[in-house]
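Numbered per the numbering used here, the sequence shown spans residues 110 to 397.
This report refers to the structure that appears directly beneath it.
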Amino acid sequence: MKKILLVLLAGIFTWNPAIASLNSKLTLKQDLDASSRSYLDMKKKADEAAKRDLLEATYEKLRPGSVEVRDRVQRFYWDVDRIRYSAQLTFEKSGVRGELPNRRLFLVAHYTEEKYLILTKETQTQVSRTKTNSRTPVTLTGALQRASQVLSWWKLAVRISKSIHGEIHRREDKFGTNIYRKDVDGTLAYARREKKWAEEEYDRISDRLEYYSAESIERRRTAAHEAAEISFEERNRMIMERYESAERAFSKIESKGFMDVNMLFQEYLNIQKIKGIFPTLKIRETER
């Protein structure tokens, strides 16, 4: 009988919810430690990103956009030089003959060749400049300066093309010819398209430079730190809520288990009283 009593008493002090509660405390510590590590890692990554961005703003390197700028100007050069050379061949051939129709053709073609020669030379100079730029490393600030120069040049190309367009149309009207209207229309449209692209490219690089400015980098770093703080607090709140909820559940289970064991103990003692084993032992009943 004494062994049964010892088993019952041992059950009171070795109830599983108590062990589970201890495990819960260990899990809580591990979760909070993991939360702290995650918080510090988020801040560290934000700081490292800020350092990389600062280097990006000041680092000299070859810019892929420089190659596209070079190629675009080169293609424009080939197009205007094609028209210039075609006009040159036309006036050279028509000048051999002295008839009036050929004389008109000669004048229009010669004038066209002269005007396109101006545009060709301007474009050739820009081609050389952009070739050098495509092989020269530059910072973002330098890239923006280049983009500004490219935009200015395409504005010049539009002005020259517009001037050629008006002059050739007047010459064609004067002599009743229709030889180069389509060419000059195409050149002006071409220059305007490239000018629009240069404006977009300038805006793109300008936005990129603003993104990598010291002020923008610091704003992003600060925002990342604040996000880490919010995430850290929210994560810890959820961890504590889970822990406290588990503790309340363990407490209820432990209390109920103790009461059940105590009830068995009381029943055991009552039986012993009846048998006269513990006739004088008084037991206070468990409150429910």
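For every residue, glycine included, the Cβ atom is placed at its ideal position computed from N, Cα and C.
Residue nearest to Leu164 within the set Arg357, Tyr320, Thr232 and Glu308 is Tyr320 (criterion: CA-CA distance).
Residues of the same chain with a CB within less than 8 Å of the CB of Glu276, apart from the 5 flanking positions on each side, are Tyr220 and Lys224 in chain order. Residue environment for Glu222: buried (at least 16 other C-beta atoms within 10 angstroms of its C-beta).
Relative to the Cα of Arg212, the nearest Cα in the group Arg280, Leu141 and Arg330 belongs to Arg280. For Leu171, there is no enclosing alpha helix (DSSP H), as DSSP marks it with neither H nor E.
Judged by their CB atoms, Phe215 and Ser203 are nearer to each other than the 7 Å cut-off. Buried is the label assigned to Glu303, since at least 16 other Cβ atoms lie within 10 Å of its Cβ. Here Arg179 is buried. Its C-beta has 16 or more other C-beta atoms within 10 Å.
By the Cβ criterion, the stretch 230–249 is in contact with the stretch 167–179, since at least three pairs of Cβ atoms, one from each stretch, lie closer than 8 Å. Take the alpha-carbon of Ser354 and the one of Leu137: they are about 12 Å apart.
Residue environment analysis places Ser237 among the exposed positions, since fewer than 16 neighbouring C-beta atoms fall within 10 angstroms of its C-beta.
By the Cβ neighbour-count rule, Asp292 is buried, with 16 or more other Cβ atoms within 10 Å of its own. For a cut-off of 8 Å, the C-beta gap from Ser257 to Tyr311 is around 6 Å, short enough to register as a contact. Measuring C-alpha to C-alpha distances from Asn242 to each of Pro173, Arg330, Glu338 and Arg357 identifies Pro173 as the nearest. The criterion of a C-beta distance shorter than 7 Å is satisfied by Ile269 and Leu228.
With contact defined as three or more Cβ pairs closer than 8 Å, the stretch 184–199 and the stretch 140–158 are not in contact.
Between His334 and Lys160, the C-beta spacing is not below 7 Å. Taking the Cα of Arg191 as reference, the smallest distance to any Cα among Gln254, Leu226 and Glu157 is reached at Leu226. Take the alpha-carbon of Trp262 and the one of Glu201: they are about 31 Å apart.
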